[in-house]
Structure formats: structure tokens, C-alpha cells
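Structure, as C-alpha cells:
Residue numbers (the numbering used here), protein chains in the order written: chain A, 21 to 389; chain C, 265 to 612.
Here it is, written out as C-alpha cells:
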């Protein structure tokens, strides 16, 4: 792999020097307007994977606008989205389903992007925020603000604080950058268990109806979202995607050993730290909306990695796949046992659990690199 | 013999009988506390008077209520805590010995979750909670145990103790999610087991204890029979065969016993994690690696941990109560981290 990367790097330089060089195999050369000597290389597989995931997302989103206790044909749904058609459909689509769709889309993208960043920086595909306890930390702190323990902060900042604390504890216990493989993960599971118990403790101390209203949120549900938290998440996710794209090149190099990455001119520690901060912030904002739906952060990047090429880190692809998975799970949870609604966290756990077991138990575990 | 071991180890260690009696004395004190303290308004002093049979100077109604609380609520609870603690401690030690993994804990590995799931499925299919629970829970636990054993025998997993735990945690999570799905869909099941599924000793009746005593006795007898072969097995497969034991048979028996014990405790108290990790861990730290010594110490240590946690769970959030599982997680997760963090996992 390092050999390939060096080759690609060399080819890139060559193409800059001599204008008329064929682009490397599997990429498109996109000349930048205004500067004839510079061009962008687009990975064919990555582009087509993202297009595929994007169209999947559009389909699922449209389905989730149409399906429900009141069925609305697709064309009517699109018209209602634009504010036309009968008032009932407009109300259902715009007021009820669109808000829920946006919440699912944004949380799914944020969880999966954070998962992809964490997996890459820890060089371990199991090191997703949900598994190492960050979700639970954010939930525990956010529950404090929900149940009103005299702290009148909104869920998002509290979730941020909780995620930061849980991350600090897990990484502190794991002794640094988490390169000790499975032990790091189990230490994270322990931290997660403590925070989960703290959440229960908090819920046990308040009146039963307050606890009941907070319950679906502690298993992960799009039902209890607050509009405010969703818009904060939207802003955070937009910033996060830009920042992740800026880190993308360094992240691709981070998959090699520290020595190689350093040799290629990446400031490894700084890059890790930035990616970690980004992942923690995205996870916390998403938890503030939907509660801990951690398995999306594991499966989203996994799907994206399967679809796109092995050359880079599929950050955008992960976000898209996560959004698809979240919206589809929420839709399934709403429809399967209607009128009873299954929280999206339970749906993803049922779908994702076997997959996670397969990753763990298959005979020759392939590493992330 | 135990003094000899202590001497060889070169540490100041109490002998096994004295440690055992010391822990039993602690346990007796904790049991007494468990009878005296509670979330209600019956104070420790009144409770003590009731135990001595000399409560007077109060209204008749109060006295009646107090006697009911102590004898019908706190006494069964303490007795059940005693049995549950013993069973979980012993089951943890046995499973760890046979999986050769200090992290193999029935609650963490999905055995308790398996039996809880089995009970939920049986209820959904129309069984009634009162009659079937124990045997169904034991069947579920057996399935969970077999999964654990199969995973431990898989190449690459068996010699990486941490990976087994990870797989177990995932399995528990999956079964937990399936169980909550059943509870959401089926209202009747949810009503029947809502307070049982969180893992707690509260509100259990003495009849529940009667229902599991035969299983516990069976588990105890088999444990006594296999302790010696198991200790031989710890020296290696060949040594065990050379000493005239049948390793495969011993393993099967251990799995059976663990399923019986964990299934029975889950049936009465719901799934409780981490006890089977903490108790053998402490027992090994006190008594050394010999499984027979560990098992002896698990007997008082298990109830000690369970009943103490139960007392705290009553007192923390008065006047309501905390599920026992919350407290055991608070105690057990740090121990889990401690074990994982130690540079070299002790091999069993």
C-alpha cells in the first residue's frame, strides 16, 4: 500500500510538471478553470459510489415522506413539499414528516462521518464513538439537562461536555492514541457502561412522567427531537463536512504507520487531534437530537468503504451511507409494527448487531489499512 | 495445605478457613443491615425491635405494617440476594475457568441476556409468567453458554480473551434490542415482565425462591463433583487426562451448571451483569489461582456484593428504588477496565 501511495504521489507531481500526461488509472482529470497547470483528480469509483449513495438517499427520503399512517403518492408528496396540493398533505409532509426526515438525515450523516474519522484515527474499525462509550457519555450529560437537575443548559452543549469527558476518560485509560487494539475498545465499553448506569440513576431520581418522556431518547429515537437541536446539528454538520474534507488527504495518509505518515509530511499528532475533536463534536450534536444510535457510525463507513475505492478515506460516502441507513431504519421502525413505533436505536441495533458479530468473529480479521 | 501455599507464595496471607469465616461474618452483618434499612419509613431501630419480637409503644396499625415490611418484603429480598449472589459468583468462576479467560462473565457474554430473551419470547407465545419461567430461562442460558463456548473455540478468538468479551457484549446488545422490541410490540408481555427485565431484587416473593432452590441444589452438587477435575484441567489438557479426568465431559458439565445457575438467577432476579466478573476477581486476588479455593471464597463474596449493592440501591434515591443492575454496572465496569488495563492478562 505505501508503495501505491508513493506512486500516486509521484504521478501527481509528474502530471503537474508536464501538462499532457494521462491521469492515473481509475481517475478523471478535471482541469481547474483559470490555471492551466493545475488540475483535480477525481476517483472514478468514489464518484460513482457517492452518486449511487446519493440516489439511494433521495429514494429513501422520498419514501419516508410518502409512507406512514396516511399514504401520500410520490408526486403529491413532491407537490406538497413545494407547498401545493391539498392542505392536509401539505401539513403532513411539511410539518410532520419533513422535520423528522431532516433530523434522521442529519443525525445519520453526523454519526457516520464521526465513525469514519474515529476508525481512521484509531486504525481500528471497531473504534466507533458508540462502542467506546462517547455516545453514552453524551447521553448521560444531556439527560441532566432534560430531567432538569437545576442546570438550565440546552441538550447540545451538555452533550458536547459529556462526549468530551467520556472521550478523555477512555483515551486516558487506554494510555494515549488507542493503539492497543481490542483492550482500548473494552476499556471504552466499560466507560460506556458506567455512563449508561449514571443515565439510569438520573432517570430514577426524577418523577416517573419526566423519566418516561426521556426514555425513548435514551435508546435512540427521532421522536423526541427538538427543533433547536436539529438546527444546531445542521450548522455543525455543514462545518464538519468542510473540515473533514480539508483533513481528507491527511486522513488517507494516516492509515499507514506513523513513520510513513510523518515521512510524507503529515503532522500526525495534530491531524489525529483535529479528527478526534471533529468526531466527538459531531457525535455529541447528533446525540443531542436522537440519542445514542451508535451502530450507524459502524455500518455507514463500512458500506461506503465497500463501495468506493481503497485509495482514500470515504468521508462523504460514509456520511451519505449513514444518512441512508438512519432514514431507512426510522422508516422501518415506523412502518413494521404500526401503529406501534419502534425507536430507531432498536432497529439499528437489531440490524447492526449481527453485522458487528460477523466482523468480530470471522476467521481472519482484516485490518483497516 | 493452605498455609503451605501461603508460605510458598511468600506473602502474608490469611489461611483459607480464616478468610472464609471473616467474609462470612461480614456477610452476616450485611444481611442484618439489609433487614434493618429500607426505602420506607420503617427505621432501623424499629426493624431491630421487630426482629427481636419486642416492638411496642406504637399504634397497632404501624406495628402491623412494620412487621409486614420486615418479614414479607425485606426478608425474602435478603434471602434471594443470598442465593443469587452465590449462584452468580460461582457461575462466573466456573465459566472463567472453562473459557480460560478472566473476563468471561455470564452477564457480559450474553448468557443472562439469552435467558431474558427466552423468557420474553415464551411470554409472547402465550406462556404464563408464573409456571414456565425457570426452565425457559435455563434453556435460554444454555443456548447463550453454547454460543460462548463456540465463539471461544473459534480460531483467533480463543487466544484473545478481550475479543471474546467484545463479541459477548455485542451479542448481549443484540438480544437486549430484540427483547425491547418484543416488549414494545406486545403489551401483555411488557406488563408481565416490566419490573423483572431491568434486574432487581425488589418485590420478589419467597415463592420465587422456592421455585429455584432445586436447581441451585443441583448446581451446587455438580460443582462440588467437578471442582477437582476442573483444577486438574487448569494444569493443561494432557495433565488432566493423565490424572484420569475427561476434559470434554468436565467442560460440558460446567456449561450445564452455569446454564442452570444463571438461568435460575435470571428467572428470579432478572439479568444482572458484572457480579460474575467482580466476585471471582476479588476471590482470585484473595485466594490465588486455584479454582477450588476461588470457589470457596465466591460463596460468601457473591452475596456480600449483591446484598450490599441492593441496600445501596434502596437508599440512594429514596423513596423510590434503583434497579440493581445499575449499581452492579457502577461497581463492575471499573473492575473490567482494571482487568483489561493490566499489562498481561492472567491466563487461567
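From the three backbone atoms N, C-alpha and C, an ideal C-beta is built for every residue, glycine too. Because the structure is a prediction, the values reported are computed rather than measured.
Own chain residues within Cβ distance below 8 Å of residue i, not counting five before or after
i	result
residue 113/A	85, 92, 97, 100, 101
residue 80/A	344, 347, 348, 351
residue 299/C	311, 315, 334, 338, 339, 342
residue 412/C	359, 363, 368, 373, 374, 375, 428, 432
Backbone secondary structure at residue i - three-state DSSP
i	result
residue 49/A	strand
residue 588/C	helix
residue 108/A	helix
residue 278/A	helix
residue 472/C	helix
residue 60/A	strand
residue 368/A	helix
residue 8/A	No statement about residue 8/A is possible, as the shown extent of chain A runs from 21 to 389 and does not include it.
residue 271/A	helix
residue 604/C	helix
residue 237/A	helix
residue 581/C	coil
residue 243/A	coil
residue 554/C	coil
residue 345/A	helix
residue 401/A	No answer is possible for residue 401/A: the residues shown for chain A start at 21 and end at 389.
residue 464/C	coil
residue 450/C	coil
residue 362/A	coil
residue 328/A	coil
residue 153/A	coil
residue 147/A	coil
Chain-order list of residues whose beta-carbon lies under 6 Å from that of residue i (same chain, five-residue window excluded)
i	result
residue 331/C	314
residue 501/C	511
residue 343/A	77, 125, 128, 129
residue 58/A	52
residue 243/A	236
residue 193/A	207
residue 172/A	Any reading at residue 172/A must be qualified, since the residue scores a pLDDT of 49, below 50, and its modelled position is unreliable; no value is offered.
Spatial neighbours of residue i in its chain, beta-carbon cut-off 7 Å, leaving aside the 5 residues before and after
i	result
residue 154/A	183, 186, 187, 300, 303
residue 87/A	351, 355
residue 178/A	161, 162, 164, 165
residue 558/C	357, 544, 547, 548, 551
residue 369/A	315
residue 132/A	316, 317, 320, 321, 338, 339, 341, 342
Residue i Cβ short of 7 Å to the ligand ZN heavy atom set
i	result
residue 580/C	The ligand content of the structure shown is nil, which means the ligand ZN is not present either.
8 Å Cβ cut-off: residues of chain A touching residue i
i	result
residue 366/C	Within 8 Å Cβ-Cβ: nothing; residue 366/C doesn't reach chain A, min ~12 Å.
residue 415/C	381
residue 581/C	221, 224, 225
Residue i: contacting residues in chain A (beta-carbon distance under 9 Å)
i	result
residue 388/C	Result: empty, since nearest Cβ-Cβ is about 13 Å, beyond 9 Å.
Chain C contact residues for residue i, given Cβ-Cβ distances below 9 Å
i	result
residue 192/A	Going along chain C, no residue has its Cβ under 9 Å from residue 192/A, so there is no contact; the nearest lies around 11 Å.
residue 49/A	The contacting residues do not exist; residue 49/A stays about 43 Å from chain C at best.
residue 185/A	What residue 185/A touches in chain C: nothing, since even the nearest Cβ is about 15 Å away.
Listed by chain order, chain C residues near residue i by CB distance under 8 Å
i	result
residue 289/A	Here the premise fails: no neighbours, minimum Cβ distance about 23 Å.
residue 320/A	Those do not exist, as residue 320/A stays about 17 Å from chain C at its closest Cβ, beyond 8 Å.
residue 203/A	426, 604, 605
residue 210/A	597, 598, 600, 601, 604
Chain C residues whose Cβ lies nearer than 7 Å to that of residue i
i	result
residue 145/A	Under the 7 Å cutoff, chain C gives no residues; its nearest Cβ is about 12 Å from residue 145/A.
residue 217/A	590, 593, 594
residue 207/A	601, 604, 605
residue 213/A	593, 597
residue 120/A	Near residue 120/A there are no residues of chain C at all, since even the closest Cβ is about 18 Å away, more than 7 Å.
Where residue i meets chain A, residues with beta-carbon distance less than 7 Å
i	result
residue 586/C	221, 224
residue 346/C	Under the 7 Å cutoff, chain A gives no residues; its nearest Cβ is about 24 Å from residue 346/C.
residue 418/C	381
Just by C-beta distance, which residues in the region 341-361 of chain A are closer than 7 Å to chain C? Of all residues in the region 341-361 of chain A, 357, 360 have a Cβ within less than 7 Å of some Cβ in chain C.
Scan the region 441-472 of chain C for residues whose Cβ lies nearer than 8 Å to a Cβ of chain A and list them as they occur along the chain. Answer in chain order: 441, 442, 444, 445, 448, 449.
Going along the chain, which residues of the region 366-378 of chain A sit with their C-beta nearer than 9 Å to a C-beta in chain C? Against chain C - using a Cβ distance shorter than 9 Å - the residues of the region 366-378 of chain A are 366, 367, 368, 369, 370, 372, 373, 374, 376, 377.
Please name the residues in the region 289-314 of chain C whose beta-carbon is closer than 7 Å to at least one beta-carbon of chain A, in chain order. Answer in chain order: no residues at all.
Residues of the region 97-115 of chain A whose Cβ lies closer than 7 Å to any Cβ of chain C, in chain order: Those residues of the region 97-115 of chain A that come within reach of chain C (Cβ to Cβ, closer than 7 Å) do not exist; the list is empty.
Identify each residue in the region 531-552 of chain C for which the Cβ-Cβ distance to at least one residue of chain A is less than 7 Å, and report them in chain order. Cβ contacts with chain A come from no residue of the region 531-552 of chain C.
Below 7 Å between beta carbons is the criterion; list the residues of the region 562-576 of chain C that meet it against any residue of chain A, in chain order. Here the close residues number zero.
In the region 428-442 of chain C, which residues sit with their C-beta less than 8 Å from some C-beta in chain A, listed in chain order? Taking 8 Å as the Cβ-Cβ cut-off, the region 428-442 of chain C approaches chain A at 429, 430, 431, 433, 434, 435, 437, 438, 440, 441, 442, given in chain order.
Could you list the residues in the region 225-259 of chain A with a C-beta less than 9 Å from some C-beta on chain C, going in chain order? Within the region 225-259 of chain A, the residues whose Cβ lies closer than 9 Å to some Cβ of chain C are 225, 228, 239, listed in chain order.
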